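Going left to right, the sequence shown walks through residues -23 to -1, 1 to 303 as mature numbering (1 follows the signal peptide of the UniProt record, and there is no 0) numbers them. Data first, discussion second: the structure below is written as C-alpha cells.
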Amino acid sequence: MLKKIPLAALALFTALASLSAQAAPAFPADRPIALVVPFSAGGGTDILARLVAAKLGAMIRQSVVVENKPGANGVLASQYAERAKADGYTLMFGGSSTHVLSPLLSPKKQQMEQTRKNFSMVGIVAETPLVLAVNAKSSFKNLDQLLKASRDRELTFGTFGSGSSPHIMGALLAARTDARLQHVPYKGSSPAITELLGGHIDSVFLTVAALSSHVEDKEVRALAVTGARRVQTLPDVPTFKEAGVSGFEDSGWFAVFAPAGTPEPVMDFLHDAIGRVMATPEVQAKLVELGLRSANSSRALQMAVWERSIVATQGILTQVKIETDR
C-alpha cells in the first residue's frame, strides 16, 4: 500500500516544479526569433550569423531567422534591434565593431553610454584575430624589418575601411613603435588584397579569413597576428607579442545581444543554448575555417570582456587620431 505524501512535501515539490518551468522559457512555434545582422548577406559576419541561427534553431526547436540590415557601420541595425520588444524574440548579431568601436567613434558624445543602456549581452560567439601581412615578394621577412624600414620612409597599410578595427590596430602599431604607417582604406578586404598583390601598397591589416588562402598559396606573407595565442590555420605566424610588440593580446569578437530589459531567465536560456551550439564539432570546425577562435565562458565573464574592450579602446583612441568617413 502506498504511503501518503505529506502536504508540506507536496507543496515544496509543486513550487520547485513551477520554478523549473520558469527557468526554461519556451518560444512558441508560431513566433520565430529574429537575428538582426548589421552587414550584407554573403559576408563573413553573415555566414557566421546564419550558421549560429540554423544551429540555435535546431537546438531550441524554434525558427531563428536572419534579418540583414546593413548601413552606417551597424548603426541602422542597432537602432532597429534596440527598439524591439525586450522578450527574447529579437536579437542582434554584433560584436566589438558595432558595440564598442562604432559607438566610440560616433560624433554623438553619449553614444557609448546609450549602447550600454540599450543592450544586454547574451554571449560572445567567437574571437576575431587580425593579421598584418605583406606581398610574398616583399623584402620584409618579419615584423621587425617592416617597422625598421618605416622609420626611414613612410609605408602604407590597407584595411577594409576607415574607422575599422584594422585601422585602429594599424594606428596603434605606429604610435607604439614610432613607425611611419599611412592608412589606405578600401571598400572591403578583396580590393585591399588586390592592391597588395599588385604592389600598390606595402601591407594590409585584415582578418585571418580574408588572408588565409593567400598565405597558403604563398601570395602573401603574414608577419604577425593579434591575440594571446597563435591562430590554428596559421600556426607558423607569431603573435605580435612573440614578434616583439606588446599591447595586441586582445582580439575583436562577435556576440549576440538583446534589447535591454529582456528577462534574465530568457537571457540565461539563450546564453546556454548558444554555448552548446558553439561547442559542437561542426561549428568548431567552421570557426577554424573562418579563422576564428572559440570564446565559450559564463555570461558574467563575457560581459566583463565587453567592458574591458570599451575601456581598452577608449585608451587607444586617446593615443591615436582616427579619421573616419562619418
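For glycine and all other residues, C-beta sits at the position ideal for the given N, C-alpha and C. All figures in this text were calculated on a predicted structure; none of them were measured in a lab.
request  = Helix, strand or coil for A220, going by three-state DSSP, please let me know.
outcome  = Working through the sequence shown from its first residue, we reach residue 220 at position 243. In this structure, DSSP gives A220 a state outside helix and strand, which the three-state scheme calls coil.
message = Helix, strand or coil for E172? Go by DSSP, reduced to three states.
response = Indexing the sequence shown from 1 puts residue 172 at position 195. E172: helix per DSSP, three-state reduction.
inquiry  = Measuring only the C-alpha atoms, how far is W230 from N119?
reply    = Counting from one through the sequence shown, the residue named residue 230 turns up at place 253. Counting from one through the sequence shown, the residue named residue 119 turns up at place 142. In this structure, the CA atom of W230 is about 26 Å from the CA atom of N119.
query = Would you call the CB atoms of L200 and F137 closer than 8 Å?
reply = In the sequence shown, counting from the first residue as 1, residue 200 sits at position 223. In the sequence shown, counting from the first residue as 1, residue 137 sits at position 160. Taking C-beta atoms as the reference points, L200 and F137 fail to come closer than 8 Å.
request  = Identify which residue in V192, G65, P15 has its Cα closest to the Cα of S74.
outcome  = Here residue 74 refers to the residue found at position 97 of the sequence shown. Considering only alpha carbons, the answer is P15.
query = Which residue's Cα is closest to the Cα of E226: R206, L149, D213, L33?
reply = In the sequence shown, counting from the first residue as 1, residue 226 sits at position 249. Of the candidates R206, L149, D213, L33, the residue whose Cα lies closest to the Cα of E226 is R206.
inquiry  = Please give the ranges of any alpha helix (DSSP H) in the segment 76 to 129, keeping only runs that are unbroken, at least 4 residues long and fully inside the region.
reply    = For the segment 76 to 129, whole alpha helix (DSSP H) runs of length 4 or above, ordered along the chain, are 79 to 82, 88 to 95, 120 to 127.
task = Kindly indicate which three-state DSSP category V52 falls into: helix, strand or coil?
result = One-based indexing of the sequence shown puts residue 52 at position 75. In the structure shown, V52 sits in a helix (DSSP, three-state: H, G or I).
key: Whole-angstrom distance between R270 and Q122, CA atom to CA atom   = The residue labelled residue 122 in the question sits at position 145 within the sequence shown. The residue labelled residue 270 in the question sits at position 293 within the sequence shown. Rounded to whole angstroms, the separation of the alpha carbons of R270 and Q122 is 28 Å.
request  = Using a threshold of 8 Å, state whether the C-beta atoms of L183 and A156 are closer than that.
outcome  = Within the sequence shown, residue 183 is the residue found at index 206, counting from 1. Within the sequence shown, residue 156 is the residue found at index 179, counting from 1. Cβ atoms of L183 and A156: not closer than 8 Å.
task = Give the single residue among A31, D23, R38 whose Cα lies nearest to the Cα of K46.
result = For the purposes of this step, residue 46 is identified with residue 69 of the sequence shown, where counting begins at 1. Looking at the Cα atoms, D23 is the closest of the given residues.
Coil, strand or helix - V214 by DSSP = Locating residue 214 in the sequence shown gives position 237, counting from the first residue. In the structure shown, V214 sits in coil (DSSP, three-state: anything other than H, G, I, E or B).
task = Pair every Cβ in the segment 242 to 251 with every Cβ in the segment 138 to 145, then say whether three or more of these pairs are closer than 8 Å.
result = Contact between the segment 242 to 251 and the segment 138 to 145 is absent, because fewer than three Cβ pairs lie under 8 Å.
Element boundaries [alpha helix (DSSP H), containing residue 305] = With the chain represented from -23 up to 303, any question about residue 305 goes unanswered, as that position is not in the structure.
inquiry  = Taking the straight line between their C-alpha atoms, what separation do you get for T301 and G71?
reply    = Along the sequence shown, read from residue 1 onward, the residue named residue 301 stands at position 324. Along the sequence shown, read from residue 1 onward, the residue named residue 71 stands at position 94. Each residue's Cα considered, the two are about 20 Å apart.
query = Quick one, are the C-beta atoms of V42 and L12 less than 8 Å apart?
reply = Reading the sequence shown from its first residue, position 65 is the one you call residue 42. Reading the sequence shown from its first residue, position 35 is the one you call residue 12. Contact: yes.
inquiry  = Check for me: the alpha helix (DSSP H) holding P143 runs from which residue to which?
reply    = Within the sequence shown, residue 143 is the residue found at index 166, counting from 1. Here the alpha helix (DSSP H) through P143 covers 142 to 154.
ask   = Between A110 and L188, is the Cβ-Cβ spacing less than 8 Å?
value = Taking the sequence shown and counting its residues from 1, the one referred to as residue 110 is at position 133. Taking the sequence shown and counting its residues from 1, the one referred to as residue 188 is at position 211. With a cutoff of 8 Å on beta-carbon distance, A110 and L188 are scored as near each other.
request  = Output the distance between the C-alpha atoms of A151 and D129, rounded to the nearest integer angstrom.
outcome  = On the sequence shown, residue 151 is found 174 positions in, with the first residue counted as 1. On the sequence shown, residue 129 is found 152 positions in, with the first residue counted as 1. Each residue's Cα considered, the two are about 13 Å apart.
query = E104: buried (16+ other C-beta within 10 angstroms of its C-beta) or exposed?
reply = Position 127 of the sequence shown, counted from the first residue, corresponds to residue 104. Answer is buried; the Cβ neighbour count reaches 16.
key: Proximity below 8 Å, CB of residue 318 to CB of L149   = Nothing about residue 318 can be reported from this structure: the residues present for the chain run from -23 to 303 only.
inquiry  = Which residue wins for smallest C-alpha separation from I178, given the options V185, H191, P162, A186?
reply    = By 1-based counting over the sequence shown, the position of residue 178 is 201. Among V185, H191, P162, A186, the Cα nearest to that of I178 is on P162.
task = Assign A1 to buried or exposed, taking buried as 16 or more other Cβ atoms, counted over all protein chains shown, within 10 Å of its Cβ.
result = The sequence position of residue 1 within the sequence shown is 24, counting from 1. Confidence in A1 is poor, its pLDDT being 46 and thus under 50, which makes the residue's placement unreliable; the coordinate value appears in the next sentence. Exposed: under 16 other Cβ atoms inside 10 Å.
key: For P162, three-class secondary structure by DSSP   = As a working note, residue 162 is residue 185 in the sequence shown. Three-state result, P162: strand.
request  = Look up R253 in the DSSP assignment and say whether it is helix, strand or coil.
outcome  = Position 276 of the sequence shown, counted from the start, is the residue given in the question as residue 253. When secondary structure is reduced to three states using DSSP, R253 falls in the helix class.
query = To the nearest angstrom, how far is it from the Cα of M98 to the Cα of T154?
reply = In the sequence shown, residue 98 corresponds to position 121, counting from 1. In the sequence shown, residue 154 corresponds to position 177, counting from 1. The straight-line gap separating the alpha-carbon atoms of M98 and T154 is approximately 35 Å.
request  = Could you check how far apart the C-beta atoms of Q279 and I101 are, in whole angstroms? I think they sit under 8 Å.
outcome  = The residue given as residue 279 occupies position 302 in the sequence shown. The residue given as residue 101 occupies position 124 in the sequence shown. So it is a contact: roughly 4 Å between Cβ atoms.
message = For S127, tell me which candidate among T92, R38, F96, H160 has the shortest Cα-Cα distance.
response = For this step, residue 127 is matched to residue 150 along the sequence shown. Considering only alpha carbons, the answer is H160.
key: Residues sharing a beta bridge with S180, DSSP   = Locating residue 180 in the sequence shown gives position 203, counting from the first residue. Its beta-bridge partners are F134.
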